[in-house]
Amino acid sequence: MSSLVKQLLLYTGSAALLVAVLWVGADYRQSVQATRPLLPVIFEHQDHTDTECFVCHHNFTDETGGGTCYSCHKYDLEIAHEMEDMFHTLCRDCHTETRLEGEEAGPVRSCDGCHLAEVFLSKVEID
Ligand code: HEC
Ligand code: HEC
Ligand code: HEC
Ligand code: HEC
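This is the structure we're talking about:
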């Protein structure tokens, strides 16, 4: 075998290995996300009565199905890995935009404005 062919085989071999490792890694990450406890959130409907239900409850209208947000977003492996991103975008973007309009809104940056502070503190102690 020419050294060029050997090198090519080596490259494709390690590329395949890398893909496999990334693939298994992504799968593992998703299952960890779905099985660790949900980080509790402070959310009151009474703070959000000016917003139509379906802005958040998209599943009431778009036929994705039934259930509570987390029954899908936390436990459905297809989308669980996107929950942090999706929910931060939904919640924070509206708070940011509302504040930019000069009105009262919920937290944007302070983690413990939405997540229970005790959870963060107990995590710090445990770790
Ligand atoms: C700003 C976003 C938002 C709006 C607007 C909103 N909800 Fe929700 N709703 C949520 C979130 C987030 C949850 C899950 C968290 C929770 O249960 O506290 C939820 C949970 C629920 C639940 C399930 C409670 C349970 O635990 O089983 C019902 C029922 C519900 N909402 C009905 C409504 C109705 C009806 C409206 C409109 C009048 C509405 N929501 C408006 C975000 C919203
Ligand atoms: C029956 C399952 C189901 C329920 C219940 C559900 N969702 Fe979803 N949600 C989905 C699916 C599926 C998507 C689409 C994912 C994609 O685009 O790949 C999605 C997308 C989203 C997105 C991203 C939208 C975008 O444009 O990127 C947000 C934010 C979201 N959901 C929030 C919520 C909230 C808040 C609740 C509860 C009030 C909720 N979802 C209830 C299944 C569900
Ligand atoms: C469409 C806009 C909108 C969306 C989406 C939204 N919020 Fe809000 N939120 C508000 C507004 C406006 C207020 C202020 C209400 C008031 O003070 O009367 C608020 C208030 C709050 C507060 C109370 C803050 C305080 O100081 O008491 C919390 C907590 C909160 N939101 C969490 C959330 C979470 C968590 C989500 C996502 C699941 C969310 N919000 C989605 C508009 C929104
Ligand atoms: C506007 C409200 C809001 C703020 C501010 C916020 N979060 Fe979140 N966060 C949420 C919501 C809603 C979810 C999805 C539901 C849940 O995990 O309970 C979430 C999910 C998460 C998750 C994923 C949890 C899981 O079970 O997979 C992490 C991690 C997280 N947030 C960390 C943070 C950190 C760190 C900060 C501060 C830099 C922060 N959040 C600020 C609302 C907020």
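Its first residue numbered 18, the sequence shown is counted upward by one per residue in my numbering.
C-beta atoms are modelled at their ideal positions from N, C-alpha and C, and glycine is treated no differently.
Because the structure is a prediction, the values reported are computed rather than measured.
Proximity of the beta carbon of residue 89 to ligand 3 is not indicated: no heavy atom of the ligand is located closer than 7 Å.
Ligand 4 has a heavy atom closer than 7 Å to the beta-carbon of residue 132. In terms of side-chain proximity, the C-beta atom of residue 99 is found no nearer than 7 Å to any non-hydrogen atom of ligand 4. In this structure, residue 131 lies near residue 108, with their beta-carbon atoms less than 8 Å apart.
Remark: the shortest separation between the CB of residue 63 and any heavy atom of ligand 4 does not fall under 7 Å. Under the Cβ criterion (8 Å, minimum of three pairs), the region 49 to 65 counts as touching the region 95 to 109.
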